[in-house]
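Let me begin by presenting the structure, written as structure tokens, before commenting on it.
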Amino acid sequence: MKANKARGAVGGGAGATPRDTGFEGEYAPAPETTKVAIAPRYGHFIGGKFVEPRSDGGKGTRPGDHEPHFLTINPANEQPLAEVAQGSEADVDAAVRAAATAQPKWAGLRASERAKYIFRIARRIQERARELAVLETMDGGKPIRESRDVDVPLAAAHFFYHAGWADKLEYAFAGRLGSPPLRGGSHLGNPPLRGGSGRLARSERDSRPGGAGYPEPVGVCGQIIPWNFPLLMAAWKLAPALACGNTCVLKPAETTPLTALRLAEICQEVELPPGVVNIVTGDGRTGAALVSHPRIDKIAFTGSTDVGKRIAKATAGTTKKLTLELGGKSPNIIFADASIDQAVEGIISAIYFNQGHVCCAGSRLFVQESVLEEVIAKLRLRMASLRVGDPLDKNTDIGAINSRPQLDTIHRYLDAGRNEGAEWHEANGSALPSKGYWCRPSFFTGVQPSHTIAREEIFGPVLAVMSFRTPEEAISRANNSAYGLAAGVWTDKGSKIFEIAKKLRAGVVWLNTYNRFDPASPFGGFKESGFGREGGMQGLRGYVRL
Ligand code: NAD
Numbered sequence: 363m364k365a366n367k368a369r370g371a372v373g374g375g376a377g378a379t380p381r382d383t384g385f386e387g388e389y390a391p392a393p394e395t396t397k398v399a400i401a402p403r404y405g406h407f408i409g410g411k412f413v414e415p416r417s418d419g420g421k422g423t424r425p426g427d428h429e430p431h432f433l434t435i436n437p438a439n440e441q442p443l444a445e446v447a448q449g450s451e452a453d454v455d456a457a458v459r460a461a462a463t464a465q466p467k468w469a470g471l472r473a474s475e476r477a478k479y480i481f482r483i484a485r486r487i488q489e490r491a492r493e494l495a496v497l498e499t500m501d502g503g504k505p506i507r508e509s510r511d512v513d514v515p516l517a518a519a520h521f522f523y524h525a526g527w528a529d530k531l532e533y534a535f536a537g538r539l540g541s542p543p544l545r546g547g548s549h550l551g552n553p554p555l556r557g558g559s560g561r562l563a564r565s566e567r568d569s570r571p572g573g574a575g576y577p578e579p580v581g582v583c584g585q586i587i588p589w590n591f592p593l594l595m596a597a598w599k600l601a602p603a604l605a606c607g608n609t610c611v612l613k614p615a616e617t618t619p620l621t622a623l624r625l626a627e628i629c630q631e632v633e634l635p636p637g638v639v640n641i642v643t644g645d646g647r648t649g650a651a652l653v654s655h656p657r658i659d660k661i662a663f664t665g666s667t668d669v670g671k672r673i674a675k676a677t678a679g680t681t682k683k684l685t686l687e688l689g690g691k692s693p694n695i696i697f698a699d700a701s702i703d704q705a706v707e708g709i710i711s712a713i714y715f716n717q718g719h720v721c722c723a724g725s726r727l728f729v730q731e732s733v734l735e736e737v738i739a740k741l742r743l744r745m746a747s748l749r750v751g752d753p754l755d756k757n758t759d760i761g762a763i764n765s766r767p768q769l770d771t772i773h774r775y776l777d778a779g780r781n782e783g784a785e786w787h788e789a790n791g792s793a794l795p796s797k798g799y800w801c802r803p804s805f806f807t808g809v810q811p812s813h814t815i816a817r818e819e820i821f822g823p824v825l826a827v828m829s830f831r832t833p834e835e836a837i838s839r840a841n842n843s844a845y846g847l848a849a850g851v852w853t854d855k856g857s858k859i860f861e862i863a864k865k866l867r868a869g870v871v872w873l874n875t876y877n878r879f880d881p882a883s884p885f886g887g888f889k890e891s892g893f894g895r896e897g898g899m900q901g902l903r904g905y906v907r908l
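Using my numbering, the letters of the sequence shown map in sequence onto residues 363 to 908.
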């Protein structure tokens with residue numbers, strides 16, 4: 363492999379030069395050397411075993427000519443990685459049945475025993491961390507530095523964190539009295555404790571697992587995840603569900619199924635009871651079959667707002683519980699009194715992390731007018747040094763776009779931005795590999811709130827820069843969005859931080875930082891960004907009946 367040219371090259375119309383950046387010369391490549399074995403073909407993981415896909419009975423839940431498998435490819439070189447099963451209705455049914463059969467026994471285990479399994483999953487993720495990171499990068503296109511330092515450690519952390527909750531659920535819902543189990547017997551198989559009147563009296567409640575005051579699991583959870591953080595999203599879904607005594611059928615996204623299938627191997631390695639976790643691969647049709655399955659008690663969905671709305675309609679009028687983690691168009695607000703260099707780093711991480719394939723990406727930048735020019739100059743300079751290319755190179759900052767359709771979507775938004783009158787800056791002219799899906803980081807200035815690029819989620823490395831004069835204007839422009847997932851605020855004034863943060867309609871507000879995640883911190887949205895929380899004590903709420 364040839365050494366990459368340093369990112370001093372001029373790109374687009376407005377690129378910084380090597381003279382500007384001080385970056386001259388060549389970077390040596392630093393390729394990841396861990397080899398990962400990938401089977402030529404994968405089945406579903408149902409009832410603790412990998413199984414061949416079943417016939418769909420001609421119902422057309424498979425692509426094309428009812429092919430039972432489809433290819434997952436490496437978006438950085440378009441090479442096929444493996445054939446993966448396309449889940450039919452029959453596959454989904456088998457997985458849901460396996461989960462339903464396993465659920466009472468799993469819920470009936472002593473809670474500290476459940477915790478041990480979850481803890482072991484976390485440990486195995488750590489032990490297989492490098493392999494998982496490489497696989498995540500190959501299947502999804504994200505830089506190895508991110509999968510190695512963010513995705514995989516956070517996935518392990520989610521399992522560790524929720525292992526800790528499994529035998530302490532009564533403390534998570536202290537003061538919230540439980541109701542008798544809905545489906546006969548509590549999750550230790552004990553009859554619910556009752557007072558003489560037949561009604562549950564507070565004094566007679568028992569907060570031990572199996573007591574009436576102990577939160578009951580929801581039952582069988584259908585969990586559908588997107589392609590931007592495949593292993594991490596699987597951890598976000600599975601860990602709290604298992605801790606609360608539920609069993610699961612997880613459907614990974616069609617372009618990134620491989621790490622979820624590795625997680626299935628880990629479930630086998632830790633001898634998780636068969637049926638507690640089931641993984642059915644496939645596209646949206648497999649997801650729809652899971653949503654409509656009558657034996658599902660809860661759907662947890664992370665993905666686009668459009669599909670989220672469809673799922674909300676499909677589950678309306680049923681007893682299925684629903685949580686939706688949807689899209690975003692998050693504001694990142696820079697006040698003139700902020701540390702500008704620090705804020706510029708924050709802008710970069712807010713929008714260009716994971717190629718901008720981040721639901722909470724800070725894709726609308728609001729800069730106080732008096733420092734707008736300075737911020738743009740520094741941003742351009744910093745962007746010129748971003749390294750775009752081979753995601754398996756440890757020095758790469760921006761990897762491959764996840765799929766051809768997503769690249770096409772990003773290009774449509776770039777066209778819309780230019781056509782509607784905004785000015786486009788592609789401040790990085792690095793050479794791109796000849797194969798694969800690539801998009802250099804860029805930003806728009808001269809953006810109006812009515813522009814498509816200021817309103818719609820692009821899900822790519824594209825930033826819309828706008829300005830404001832007063833804090834009130836910053837708040838009203840930031841809140842002027844159909845979404846409400848996250849926000850960032852940069853200022854040196856502590857009082858301003860709290861004043862602004864409480865007025866922002868966003869589920870997460872980062873102050874003088876961005877894109878920080880911790881399993882103890884709940885994550886979720888307002889408005890069209892969905893409802894329900896994942897992580898923290900609040901995230902357990904979607905997986906229990908009180
Ligand atoms: P998507 O909605 O197209 O797909 C998400 C998942 O839903 C995939 O597994 C897909 O196969 C499945 N699916 C598609 N149609 C379905 C249907 N009719 N019924 C059931 N399942 C169906 O989204 P995507 O393109 O994979 O992911 C990007 C989106 O996810 C972005 O909008 C992003 O903001 C959002 N996202 C949100 C969060 C969050 O926590 N709020 C996190 C990550 C991604």
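A virtual CB, placed ideally from N, CA and C, is assigned to each residue, including glycine.
query                                                                                                                                                                                    : result
Does residue 457 pass the burial test, meaning 16 or more other C-beta atoms within 10 Å, or should it be called exposed?                                                                : buried
When we look at the beta-carbon of residue 704 and count the other beta-carbons within 10 Å, is it buried (16 or more) or exposed?                                                       : exposed
Starting from residue 872, trace the beta strand (DSSP E) both ways and give me its first and last residue.                                                                              : 870–873
Considering only residues of the segment 590–638, which uninterrupted alpha helix (DSSP H) runs meet the minimum length of 4 residues and lie entirely inside it, listed in chain order? : 592–605, 620–631
From residue 706 to residue 744, what distance separates their C-alpha atoms?                                                                                                            : 8 Å
Please determine whether the Cβ atom of residue 589 lies at a distance below 7 Å from any heavy atom of the ligand NAD.                                                                  : yes
Where do the ends of the beta strand (DSSP E) carrying residue 719 lie?                                                                                                                  : Per DSSP, residue 719 belongs to no beta strand (DSSP E) and is neither H nor E.
DSSP three-state label for residue 804, please.                                                                                                                                          : strand
For the ligand NAD, is there any heavy atom lying closer than 7 Å to the beta carbon of residue 819?                                                                                     : yes
Could you spell out the range, first to last residue, of the beta strand (DSSP E) harbouring residue 730?                                                                                : 726–730
If you count every other CB in all the chains shown that lies within 10 Å of the CB of residue 640, and 16 or more means buried, which is it?                                            : buried
At a cut-off of 7 Å, is residue 843 close to the ligand ADP when judged by its beta-carbon and the heavy atoms of the ligand?                                                            : The ligand ADP is not part of the structure shown, which contains the ligand NAD as its ligands.
For the segment 817–831 and the segment 720–733, state whether three or more C-beta atom pairs, one from each stretch, are separated by less than 8 Å.                                   : yes
Any heavy atom of the ligand NAD within a distance shorter than 7 Å of the CB on residue 616?                                                                                            : yes
Let me know if residue 697 comes out buried or exposed under the rule of 16 or more other beta-carbons within 10 Å of its beta-carbon.                                                   : buried
Which residues bound the beta strand (DSSP E) around residue 434?                                                                                                                        : 431–436
Can you tell me whether residue 796 is buried or exposed? The criterion is at least 16 other CB atoms within 10 Å of its CB, across all chains shown.                                    : exposed
Any idea if residue 648 is buried or exposed, counting beta-carbon neighbours within 10 angstroms, 16 or more meaning buried?                                                            : buried
Between residue 887 and residue 845, is the Cβ-Cβ spacing less than 8 Å?                                                                                                                 : yes
How is the alpha helix (DSSP H) around residue 685 delimited, first residue to last?                                                                                                     : Premise fails: residue 685 lies in the beta strand (DSSP E), 683–687, not in any alpha helix (DSSP H).
Taking only the alpha-carbon atoms, compute the straight-line gap between residue 854 and residue 702 and give it to the nearest angstrom.                                               : 10 Å
So, are the CB atoms of residue 398 and residue 497 less than 8 Å apart?                                                                                                                 : yes
Could you tell me which residues DSSP pairs with residue 497 in its beta bridges?                                                                                                        : None; residue 497 has no bridge partner.
For residue 788, does the count of other Cβ atoms within 10 angstroms reach 16, so buried, or fall short, so exposed?                                                                    : buried
Would you give the residue range spanned by the alpha helix (DSSP H) that residue 900 belongs to?                                                                                        : 898–902
Taking only runs that begin and end inside the segment 654–706, name each unbroken alpha helix (DSSP H) of 4 or more residues, in chain order.                                           : 667–677
Look at residue 494 and residue 624 and say whether their C-beta atoms are less than 8 Å apart.                                                                                          : yes
With a threshold of 7 Å, establish whether the CB of residue 458 neighbours any heavy atom of the ligand NAD.                                                                            : no
Between 777, 894, 881, which lies nearest to residue 868 when the distance is taken from Cα to Cα?                                                                                       : 894
Taking only three categories from DSSP, how would you classify residue 756?                                                                                                              : coil
The ligand NAD and residue 688: does any heavy atom of the ligand fall closer than 7 Å to the residue's C-beta?                                                                          : yes
Report the start-end ranges of each alpha helix (DSSP H) in the segment 464–495 that is 4 residues or longer and not cut off at the edges.                                               : 473–489
Output yes or no for whether 8 Å exceeds the beta carbon distance between residue 454 and residue 643.                                                                                   : no
Output the distance between the C-alpha atoms of residue 693 and residue 618, rounded to the nearest integer angstrom.                                                                   : 28 Å
Sorted by chain position, which residues of the same chain lie with C-beta nearer than 6 Å to residue 626's C-beta, five sequence neighbours on each side aside?                         : 407, 641
Regarding residue 667 and the ligand NAD, is the C-beta to nearest heavy atom distance less than 7 Å?                                                                                    : yes
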